[in-house]
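See structure below.
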Amino acid sequence: MFRQFRKDVMETLKNYDVEGTLKESEHADLASTISFKLAKERKRNPVDLAEEIISEIEPSGYIGSIEALNGYINFFADYDFLEDTINVILDTDENYGSLNLDGKILIEHTSANPDGPLHIGHIRNSVIGDTIARIFRKAGVDVTTHFYVNDMGRQVALTVVGMEKFGIDTSKKSDHAVADAYIGINRYMEENEAEKEQIERQVEELMQNYENGDKDTIPLFERAVNYALEGIKETLKQLNISHDLYVRESEFIRNSYVSRILNTLDRKGILRKDGAWFIDLSDYGHEKEVVVRRENGTTLYITRDLAYHLWKNENFERSISILGSDHKLIGKQLSDILDILGLKSPEMVFFEFVSLPEGSMSTRKGKFISADELIERILNESEKILEDRSFSKEEKKEISHAVATGAIRYDFVRIAPEKAMTFDLKSALDFERQTAVYIQYSHTRACSILRKAVDEEFPDLEFNGTTCTHLERKLVMLLSKFSSAVEKVVRELRPHSFADYVMEIAVNFNDFYNQHPVLKAEKEVRMHRLAIVDASRIVLRNGLELLGIRPLEKM
RNA sequence: GGGCCCGUGGCUUAGCAUGGAUAAAGCACUGGCCUUCUAAGCCAGGGAUCGCGGGUUCAAAUCCCGCCGGGUCCGCCA
């Protein structure tokens, strides 16, 4: 709805070059700074210019009034806009906020190495990726999500050795058991210098055999990978995340996409074969050559990744990858090589590292907080709060789970991806903050009022724009911006602004809730406010769903 | 050493793309609010030379240059 209002403003100012001068503001629904820009070239006072401009334009569409103040031109939406906003929300309900984009797009996220459980660094990736995927779907895009499984890496080979040497603890959650083997073999190599070299040889041999499709080796790798993946999937499910497809690196060896890529590179004459195969990317500003085939004939991560992206090019119009910022260099190398081949590169969303107060995490050293542990601890905390409330056991379970996983998702998604974050468990466990709980709570408050309205047999809604208080108007204007918030994420690929938007609605709804009695108001006002409550409920619910957080009706 | 990212009240962050009207929240701190639609809530108060220095501009947290501090990458690892 707000997008329409914006269009109306643009239309009104069509004789001026307002591109980029329109701002949302606390002083107006939309403000233009065009007079400041014009003041310079016309050598005039911006205050006078603003007066002059508004004398030349007429409100149209949803514009109710226009004022010139301090050089700004302020636009205010009219009553029809408020009424249409509420009515559209109530009519379109779960579809409110959708855009009519189309296209087919692939989003790859999480893609953690299958050598252990997801830790809180991976979760940042998953949450950003899943949220972007949800928002793109809301925008009307046909989204497919992939988890790219690095099943051919050294880590997995090492894990295979570890599993053979130490066995696997079947009483544990499978991904954690795999981590034990992986951490165990790393520790063993450190402590037994003499055997290190022999293990390294074994690892290399395993990798070669796996790549060559050796019948005895494949099950070894598959067992380790499947074990890890099984646990990872379980964790992701807890967080309300699932992928449409798990794609393994090795598939691109088996389906010969890797050899296709290598042949194409060779035909282009950009391979320097000197034992290993190298690509010179100095034209793209890279100091070092990129190796795409080892001297022993095996391929590297980037080689298979190139093959994967060839496949992406053949099957999707557009692709987005969520990657830790440690992948920036290899990401650049990947897209430069794809560029040479005339293939489209994925749009990469990089996020900075998550560290612990005591330093950075490492799966290899066993130094990490696993996602499972985090979920477990937050779950305990939310269960504690629910203890003495009158809910059934099932309800308590459901609520605490929704609250716990919501809190985790929100904590990760609210921070701009380019900011490194130090994960503070204590603050994550604190529910007395503006976090997902706050939004969920606002939603339940709305539900609660509506439930009571039905119980007391006056469920009728009738919004009246002209009777809006300042607070009500502010809330409705905010509700009208839902699709703008969706559009912003689609444009910027940074979902933290959306988390902020939903929070702002919750804050304003609570404000409204505290200052405006609904059920006790006389009939007209009551119906008016019930409409606002219901619209807020819808927007909060849709917003929470886009954040992958369960909206609750009671808590 | 070179590349990339970050640096906003005591702490955690938003704002920076497109410069513009008193720099916005939460936590913590101080004081108040449960006979009123769920207090996982609300209200009030104190607290910021927006890392430092320069530049551009009528106007800089926002753009440019330099510096300092932190992170990260620079494997025939992924």
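First residue of the first sequence? That's 4 in the working numbering, and the numbers climb one at a time after it. For every residue, glycine included, the Cβ atom is placed at its ideal position computed from N, Cα and C.
Taking a cut-off of 8 Å for Cβ pairs, the segment 376–385 and the segment 418–431 touch, as three or more such pairs fall below it. When DSSP states are grouped into helix, strand and coil, residue 38 belongs to the helix group. By the 16-neighbour rule on beta-carbons within 10 angstroms, residue 420 is buried.
Residue 325 has its alpha-carbon roughly 8 Å from the corresponding atom of residue 131.
Collapsing the DSSP output to three states places residue 362 in a strand. Under the DSSP assignment, residue 79 falls outside any alpha helix (DSSP H), being part of the beta strand (DSSP E) whose first and last residues are 75–80. Exclusion of the five residues before and after residue 224 leaves 154, 159, 163 and 213 as the residues of its chain whose Cβ lies within less than 7 Å of its Cβ.
At a cut-off of 4 residues, the continuous stretches assigned as alpha helix (DSSP H) that sit fully inside the segment 77–155 are 82–95 and 123–141.
CA-to-CA, the gap between residue 280 and residue 336 works out to about 15 Å. In summary, residue 341 is buried, with 16 or more beta-carbon neighbours lying within 10 Å of its beta-carbon over all protein chains present. As computed with DSSP, residue 280 is found in a beta bridge with 276 and 296. Following the DSSP letters along the chain, one finds residue 453 inside the alpha helix (DSSP H) bounded by residues 439–458. Distance from the CA atom of residue 330 to the CA atom of residue 353, rounded to whole angstroms, is 8 Å. Sixteen is the threshold: when 16 or more other Cβ atoms of the shown chains lie within 10 Å of the Cβ of residue 440, as they do, the residue is buried.
Annotation: the segment 387–429 contains no complete segment of the beta strand (DSSP E) (minimum length 3 residues). Here the C-alpha atom of residue 278 lies approximately 5 Å from the C-alpha atom of residue 298.
In this chain, residue 70 is not harboured by any alpha helix (DSSP H); it is covered by the beta strand (DSSP E) spanning 66–72.
Assignment of residue 326 by DSSP, reduced to helix, strand and coil, places it in the strand class. Between residue 442 and residue 96, the CB-CB gap reaches or exceeds 8 Å. The continuous beta strand (DSSP E) containing residue 351 extends over residues 350–354.
Inclusion of residue 120 and residue 83 in the CB contact set at 8 Å is not warranted, their separation being larger than that value. Under the 8 Å Cβ criterion, the segment 169–186 counts as touching the segment 350–368, having at least three qualifying pairs.
The C-alpha of residue 512 is placed about 17 Å away from the C-alpha of residue 454.
In this structure residue 549 is not in contact with residue 459, their Cβ atoms being roughly 32 Å apart against a cut-off of 8 Å. Between the alpha carbons of residue 123 and residue 411 lies a gap of roughly 10 Å. Here residue 425 is exposed. Its C-beta has fewer than 16 other C-beta atoms within 10 Å. A contact is defined here as three or more CB-CB pairs under 8 Å, and the segment 257–273 meets this definition with respect to the segment 301–313. Proximity to residue 452 across 435, 386 and 556 peaks at 556, based on C-alpha coordinates. The segment 182–236 is shown to contain no whole beta strand (DSSP E) run of 3 or more residues. Per DSSP, residue 19 lies in no alpha helix (DSSP H) segment and is marked neither H nor E. Apart from the 5 residues on each side of it in sequence, residue 228 sits with its Cβ closer than 8 Å to the Cβ of 117, 152, 154, 159 and 251 in its chain, given in chain order.
Between the segment 76–90 and the segment 464–476 there are three or more C-beta pairs closer than 8 Å, enough to call the two in contact. For residue 307, no beta strand (DSSP E) segment is defined; the enclosing uninterrupted segment is the alpha helix (DSSP H) at 304–318. Taking the CA atoms as reference points, residue 193 sits about 27 Å from residue 327. Each of 180, 231, 138 and 114 was checked against the Cα of residue 128, and the nearest Cα belongs to 114.
Distance check between residue 218 and each of 535, 42, 202 and 257 places 257 closest, using alpha-carbon atoms only.
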